[in-house]
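Chains as they are written, first to last, in numbering that gives the first Met the number 0: chain U, 0 to 323; chain B, 0 to 661; chain Z, 0 to 128; chain X, 0 to 145; chain S, 0 to 263. A short worksheet on the structure shown next.
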Amino acid sequence: MQELINRAKELLADGTVARVLGWKAGDLPYNPEPAYFETAEAMEDFVYNGFCGANLSKYMIEASRLEGKTLVCLKPCDTYSFNQLIKEHRVDREKAYIVGVGCKGKLDIEKVKKQGIKGIESIGGAEIADEAETLTIQTIYGEKTCAYADVMLERCHVCKGKDHMVYDEIIGESKETKDAERFDEVARIEAMSPQEKFAFFQKELSKCIRCNACRNACPACSCRKCVFDSNKFDSSQKANVDTFEEKMFHIIRAFHVAGRCTDCGECSRVCPQGIPLHLFNRKFIKDIDELYGEYQAGEDTDSKAPLTNYTFEDAEPSIVGKRG
Amino acid sequence: MQRIGVFVCHCGSNIAATVDVKKVAEMALMEPGVVHSEDYQYMCSEAGQAKIAAAIHEKGLTGVVVCSCSPRMHETTFRKAAERAGLNPYMVEIANIREHCSWIHKDIEEGTKKAVILMRAAVAKVNLNAPLQAGESRVTKRALVIGGGIAGIQTALDIADAGYEVDIVEKTPSIGGRMSQLDKTFPTLDCSACILTPKMVEASAHEKIKIYTYSEVEKVSGFVGDFMVDIRKKARSVDMDKCTGCGVCQEKCPSKKAPSEFNRGLNTRSAIYTPFAQAIPNVPVIDREACIKFKTGKCGLCSKVCQAGAIDYDQQDEIITEKYGAIVVATGFDTINLDKYDEYAYSQSKDVITSLELERVMNAAGPTHGHLERLSDGKAPKEIVFIQCVGSRCSDDRGKPYCSKICCMYTAKHAMLIRDKYPDVNVTVFYIDVRTPGKNFDEFYRRAVEQYGVNYIKGQVGKVIPQPDGKLLVQGSDLLDNRQILKEADMVVLATAIEPNPDVRKIATMLTASIDTNNFLTEAHAKLRPVESPTAGIFLSGVCQGPKDIPETVAQAGAAAVKAIGLLAKDKLLTNPCTAQSDILLCNGCSTCENVCPYGAITYEDKEVNDHGIRETRRVAVVNNALCQGCGACTVACPSGAMDLQGFSNRQIIAEVDAICR
Amino acid sequence: MSSEKKQAELIKEISGVNPLKCMKCGKCSASCPSYNEMDIKPHQFVSYVINEDIESLVNSKSLWKCLSCFACVERCPRDVKPGKLIDAARQVVVRQKDQDYLSPNEIPELLDPELPQQLLVSAFRRYRR
Amino acid sequence: MSLENKEFKPKIVAFCCNWCSYAGADLAGSSRLSYPADVKIIRVPCSCRVNPMFILRAFEKGADGVIMCGCHPGDCHYSTGNYYARRRMTLLFSMLDYIGVENGRTRVEWVSAAEGVKFSETMNSFVEKIYSLGENVRLGDLRCKN
Amino acid sequence: MKYSYYPGCTLRTKAKDLDAYARASAKALGFELEEIEDWQCCGGVYPLGTDEIATKLSSVRALNEAKEKGQALVTLCSACHHVIKRVNDDMKNVEDIRTRANNYMELPEPYAGETEVLHFLEVLRDKVGFDELKKKVTNPLKGRKIGAYYGCLLLRPGKLLGFDDPENPKIMEDFIRAIGAEPVVYPYRNECCGGYISLKEKEMSQNMCEKIMESADGFGAEMLITACPLCLYNLNKSSGKLPVVYFTELLAEALGIKEEVQKS
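Structure (structure tokens):
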């Protein structure tokens with residue numbers, strides 16, 4: 000982290016960048032939040048550790064409009080999102096100085112809490128440079144430990160890899176954390192009976208409180224105005240609770256980002272209700288891979304997206320019934 | 000709030016028999032926005048239209064719903080009527096209660112219920128309609144004709160005579176097309192060259208016509224009135240300006256083994272060649288695949304003998320870009336490949352030939368100098384058998400499902416010509432049906448039978464069996480006699496099915512003109528718009544649209560020309576106002592819409608916007624309304640809903656959905 | 000349904016042939032190697048089925064002269080395949096009781112030392128239930 | 000068609016492209032080829048105009064089945080519209096299947112302007128399918144609030 | 000390379016030669032024909048009634064056995080090839096037949112036409128390659144003028160069997176060329192010999208064979224080859240103008256193993 004901070008200060012000092020986009024410590028040891036730093040002094044609050052899960056790519060939409068370059072810290076998976084935003088002309092590559100930061104898997108505080116660890120005062124072992132494979136947690140009830148891998152975010156178990164897709168320089172090493180197959184969960188649901196599938200999704204979606212956290216965090220959901228907020232589809236009748244958007248919000252949101260979603264997992268990470276929203280996006284990704292050839296959004300900035308592309312021999316929609 | 004009038008048509012009893020029209024009109028009054036409703040016997044009649052006009056005036060209608068036949072039938076009629084009464088024509092919507100309702104249902108209650116729902120959907124839509132104004136686009140006063148056969152030549156001449164510039168693009172080294180390969184033409188038996196060559200000369204001499212031979216259309220963009228076309232002028236290796244057409248190069252060329260395309264491969268030609276003596280332009284090309292100079296670097300004889308110094312081995316393909324207001328497709332046909340019909344032994348015997356090959360055999364400039372002889376041994380045949388419908392009228396994948404239309408007549412012609420010139424030769428024709436619908440056609444065929452003694456046998460041939468002595472045993476049916484015939488012949492002529500020139504698929508794709516399962520270009524309306532493609536500004540001339548003979552081709556060529564002239568005569572075109580439009584405030588500038596637009600109608604511009612007081616420059620999508628055809632692909636691709644389609648907006652369609660599911 | 004109609008339907012069903020596709024070109028009869036042995040000619044089979052004259056069809060000599068060589072099937076331009084109709088008609092006959100065209104009793108006299116099994120097997124399949 | 004359940008009259012929305020399928024439906028009409036009145040057609044310029052939101056909207060408003068018809072691949076009036084539509088619908092249908100909505104409630108058929116018979120046959124078979132599936136409760140009921 | 004092999008009834012009795020020469024030649028060419036266990040007769044004719052199932056089961060059994068071994072199924076006799084290939088096509092493409100046949104068979108895993116069915120000649124052409132065969136010929140049959148007799152079963156229906164152009168086939172001609180002899184093309188090579196009809200209509204069949212013989216003779220053939228025991232029988236029953244042998248006999252001869260086979 001120190002290397003990162005030093006380098007950031009250097010770049011601020013020589014005027015290469017006008018600001019730094021990173022994370023600053025929150026009120027709790029596990030909730031750092033995205034922040035801009037414009038001076039060396041301000042950098043004192045800068046943190047980068049296992050709880051810095053937030054994908055900063057999306058902030059670059061806004062930062063692209065600011066005067067001067069912004070140094071942005073992107074983890075390997077964040078760079079896919081950044082690339083995708085370049086492809087969609089939403090960020091200006093010239094306005095970004097990308098520091099590819101190392102990552103050894105990001106942590107899910109909910110998983111820590113599920114282990115019965117409460118009253119947390121401080122957490123050791125979450126530093127990136129730290130080789131520790133366990134977290135040492137000081138709580139008001141004394142010291143507790145848990146395995147790092149056991150409390151990682153779901154997305155880190157199916158990590159896309161430790162390579163940055165786009166960067167100006169890389170600081171810190173990344174670790175391979177993949178220990179599960181990306182589509183296993185989707186396949187498990189696909190294998191269910193229609194009744195089971197429906198029951199599963201009905202249960203999950205019923206938890207939704209329409210707080211829009213998923214939409215706010217999603218780098219693909221970067222529309223100036225969401226269709227659910229505009230009157231273009233008559234889809235935002237706020238008066239009635241049981242409206243179109245209420246029922247179909249997540250399906251439509253997933254469809255809107257289909258072929259653009261990099262599977263960064265932010266939606267599920269930020270959901271206060273713990274809905275596994277990534278299962279929608281990942282279903283589309285799985286289908287796209289199977290039907291139209293492997294495609295990873297954000298891997299490059301110029302390939303044709305699956306939904307703006309076609310071949311003469313594409314599968315017919317009836318394949319859905321035939322696949323069983 | 001709109002003030003909507005609903006007009007329910009009885010269509011005589013067509014609608015009224017299955018739909019309670021009074022009830023539909025009555026129910027309409029309960030719909031939001033509806034201030035007037037009435038029913039009438041024939042809404043499309045003058046009296047019916049007058050009722051609509053009257054209601055517009057008297058009730059101050061802002062929208063009209065007509066419950067009647069399909070919008071494909073009378074939408075334009077009603078829109079024009081409304082326009083005459085001072086209403087924007089795009090404030091009219093049709094509820095299709097005939098084709099989609101009364102004609103398919105029997106129960107009145109059921110039919111009425113459905114008609115009411117269809118009416119509601121249309122009313123819901125009109126409630127959200129907005130007046131639309133057709134835009135204008137300019138017309139480039141020049142036409143392109145693709146294909147230089149008789150169809151293309153005739154079309155070009157007619158357009159040029161009307162005073163417009165025309166370019167002909169012809170793939171082969173000369174214009175003339177299939178007709179130039181024919182010996183005589185039915186039903187008058189004039190010599191084909193005698194009537195075609197003057198037209199070729201006229202076209203090449205016409206000051207308004209420019210001919211690009213040995214050239215192909217490479218790229219087409221733009222739209223009706225304003226097409227931009229790239230034409231590839233293939234390297235001829237001969238300078239067209241210098242060449243005098245003396246022909247010495249062809250005589251001296253040592254490479255003479257290339258099969259002659261013009262003579263259907265029945266003999267050979269030199270590597271530097273003009274396809275035939277009357278070729279226009281009379282400038283040879285070098286076939287680089289056959290030329291010794293190009294293959295080995297040695298030779299160069301043609302260059303040495305050319306006194307004009309016209310030979311240019313370094314010539315490159317050239318791309319010419321030109322603008323056109325109208326494009327006429329006249330790509331013609333070829334005969335089908337007979338590989339799958341070897342029961343007729345076409346690949347096994349040289350004496351089994353196609354009718355087009357017979358044309359060359361009969362022609363004085365052909366491989367046998369016009370003598371009727373067997374290609375295997377040069378002997379004069381005594382028995383000739385013609386087999387009709389080879390590959391035509393086949394429902395399997397070997398042939399074509401359609402009738403090729405010209406074969407009955409040219410076979411009668413061939414039979415007659417042979418009997419006339421060689422009275423000792425017996426001619427037998429195996430036919431399934433003899434089809435002669437045309438002026439003086441049946442008389443012509445009867446002449447072959449009655450005056451020339453051609454033996455017509457009703458029945459198809461099953462197999463042609465080559466004999467060790469070189470004769471051909473034809474095993475066929477005589478269905479009228481109910482017997483199987485074994486007939487010994489010296490020559491067998493196959494009336495081979497014709498198919499559109501294979502290039503037409505590529506061309507149709509470039510033009511976004513639709514094509515049917517047989518690769519014939521589709522006309523805009525089978526009966527009422529037979530020479531227009533559904534794609535605006537594209538016209539069809541000749542066999543590319545369907546099998547036809549020379550008189551029909553020439554007639555269609557003229558018709559296509561008239562349609563093209565009608566377009567070129569306009570200074571401005573009104574464009575379809577149902578185009579996409581992007582909401583500048585919602586646009587993310589993501590380019591997704593641009594990627595799916597088939598017309599290149601969407602571009603991105605940096606524009607100053609005022610978003611609730613915030614002024615900034617944004618990259619936003621801009622639709623060129625002249626290019627946009629209104630398919631709507633972009634509207635669905637757009638994630639933010641910024642892109643919408645006028646006349647079929649998201650809200651309008653959702654309103655229809657809601658009305659139906661209510 | 001009349002019994003003739005039923006039989007016609009049965010033949011269409013067994014053969015999978017739609018006789019209405021026939022355009023009466025006669026290419027089947029032109030291809031048939033057994034043509035001269037047949038009383039009802041291949042191209043006529045179609046009209047017998049269309050006209051529901053199954054009686055004549057099943058009593059025709061042609062049934063037992065067709066070689067099932069598929070020349071007519073291969074060459075039929077309309078995908079009608081008269082050979083299949085003939086086979087179906089033969090099926091209709093041999094499926095009826097005591098209508099076998101070949102009885103085991105005749106076999107010994109038909110045999111000769113070179114005669115391949117295949118011939119007996121296939122003849123049995125064609126001629127018997 | 001199974002009509003045992005006389006009570007159930009399904010609501011079926013058919014999106015038809017203007018150039019092929021709507022014309023095919025017209026041809027079915029002018030050929031008097033009947034299909035159940037439960038089908039209501041919405042005219043769109045091209046199958047690529049059909050937004051998945053329209054389909055979800057229909058279900059949400061109580062439709063029991065939604066079918067989309069367009070020109071055959073390769074025959075699109077706008078050249079490529081139906082190719083995009085084909086991908087969109089395939090993915091949408093797969094998603095609906097994934098969340099447990101019966102696959103039979105959605106269908107895409109390519110119907111040309113000449114295929115009046117196909118149009119009517121398609122609608123008959125689709126309506127029959129919807130009758131066999133019964134009323135659509137799931138999509139209207141995806142997110143029950145507790 | 001190992002193939003499952005279906006000999007068929009006649010190759011076990013009257014046409015032992017066809018079989019013996021084929022097996023020996025296969026070995027010489029570096030592939031093996033592994034006879035499937037407990038095969039049953041294919042029935043000799045493809046059941047034309049679309050409603051027949053029972054008569055197709057023996058073929059399905061053979062096909063399934065090859066599938067379980069993961070091998071292609073090779074046939075020699077034209078009739079067996081015709082029947083098995085077409086039944087396989089039914090199993091692959093005709094749902095009704097597939098379902099009903101599988102119901103009868105009660106296989107551990109339903110059979111759906113997975114097996115590739117190859118005629119011995121197709122193995123020579125598509126797997127070994129005629130060029131490769133030519134290299135292995137030790138005793139080229141130089142100067143011999145040979146007419147190929149295809150008959151009907153191998154070729155038709157052309158689309159289903161996919162063997163060769165049914166009107167102008169050339170696989171046997173290429174084969175003849177590969178073993179060093181000169182093929183004689185004659186128009187009756189794809190006409191029927193009369194087939195099973197020779198049991199009760201000897202004269203008809205003989206007339207047909209006569210025509211075939213005459214045509215071949217007229218074009219200069221000195222002998223005929225065939226793949227079908229029934230064709231061989233019928234042709235031999237005619238005037239016998241030309242000798243008729245199985246193609247495998249000439250193959251063995253060209254590979255220099257004919258005598259070896261005869262001895263064993």
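Glycine residues also receive a C-beta, built at the ideal position from the N, C-alpha and C atoms. These figures come from a predicted structure and were not determined experimentally.
Assigned exposure category for S/Y103 - 16 Cβ within 10 Å defines buried: exposed
The segment 287-303 of chain B in contact with the segment 110-120 of chain B per 3-pair CB rule at 8 Å: no
Length of the line joining the Cα atoms of U/T138 and U/L27: 12 Å
Test item: CB-CB of B/D350 and B/S375 under 8 Å: yes
Short CB-CB distance (under 8 Å) between B/S354 and chain Z: no
Min CB distance B/E37 to chain Z below 8 Å: no
Start-end ranges of the beta strand (DSSP E) lying completely within the segment 184-216 of chain B, minimum 3 residues: 208-211
Cβ contact (3+ pairs, closer than 8 Å) linking the segment 575-591 of chain B and the segment 641-651 of chain B: yes
is_contact[U/K237, chain X] using C-beta, thresh 8 Å: Any answer about U/K237 is weak, because its pLDDT of 44 lies below 50 and its placement is not dependable; what the coordinates show is given next. So no, U/K237 is outside the interface.
Cβ pair S/F218, B/P467 closer than 8 Å: yes
Supposed close pair B/K381, B/D423 - CB separation, criterion 8 Å: 7 Å
U/R154, DSSP secondary structure in three states: helix
Contact with chain Z by B/C393, beta-carbon distance below 8 Å: yes
B/T709 versus B/C393 - alpha carbon distance: One cannot answer for residue 709 of chain B here, as it falls past the ends of chain B, which runs 0 to 661.
C-beta contact flag for S/L106 and S/A21 at 8 Å: no
Touch test, the segment 23-31 of chain S against the segment 242-258 of chain S, Cβ-Cβ under 8 Å, three pairs minimum: yes
Cα-Cα separation, X/N135 to X/C15: 22 Å
Per-residue burial, B/P31 [other beta carbons within 10 Å of its own, 16 or more giving buried]: exposed
Own chain partners of S/N233 with C-beta closer than 7 Å, once the 5 adjacent residues on each side are dropped: C192, G193, S197, S204 and C208
is_contact[U/K103, chain B] using C-beta, thresh 8 Å: no
Pairwise C-alpha distance: B/D489 and B/E551: 34 Å
Cβ pair count under 8 Å reaching 3, the segment 541-549 of chain B against the segment 490-501 of chain B: yes
Cβ neighbours of B/I318 in the same chain (closer than 8 Å, five flanking residues each side left out): E217, D229, I230, R231 and K232
Cβ neighbour criterion (16 or more within 10 Å) applied to B/V200: exposed
Local Cβ density within 10 Å of S/L117, reported as buried at 16 or more and exposed below that: buried
Within 8 Å, strictly: CB atoms of S/V93 and S/Y2: no
Spatially closest choice to U/G320 from X/V116, X/V126 and X/M94, by CA coordinates: X/M94
Limits of the beta strand (DSSP E) - the one that B/Q153 falls within: Looking at the DSSP string, B/Q153 is not in any beta strand (DSSP E); the run it does join, the alpha helix (DSSP H), is I149 to D160.
Span separating the alpha-carbon of X/M0 from that of B/I107: Note on X/M0: pLDDT 44, under 50, position unreliable in the model; no value is reported.
Which of helix, strand or coil DSSP assigns to S/Y103: helix
Where the segment 44-55 of chain X meets chain B: residues whose CB sits under 8 Å from a CB there: P44, C45, C47, R48, V49, N50, P51, M52 and F53
Beta-carbon contacts of B/R137 that lie in its chain and below 8 Å, excluding the five residues immediately before and after: G224, D225, D570, K571 and L572
Own chain residues within Cβ distance below 6 Å of X/A27, not counting five before or after: G115, F118 and S119
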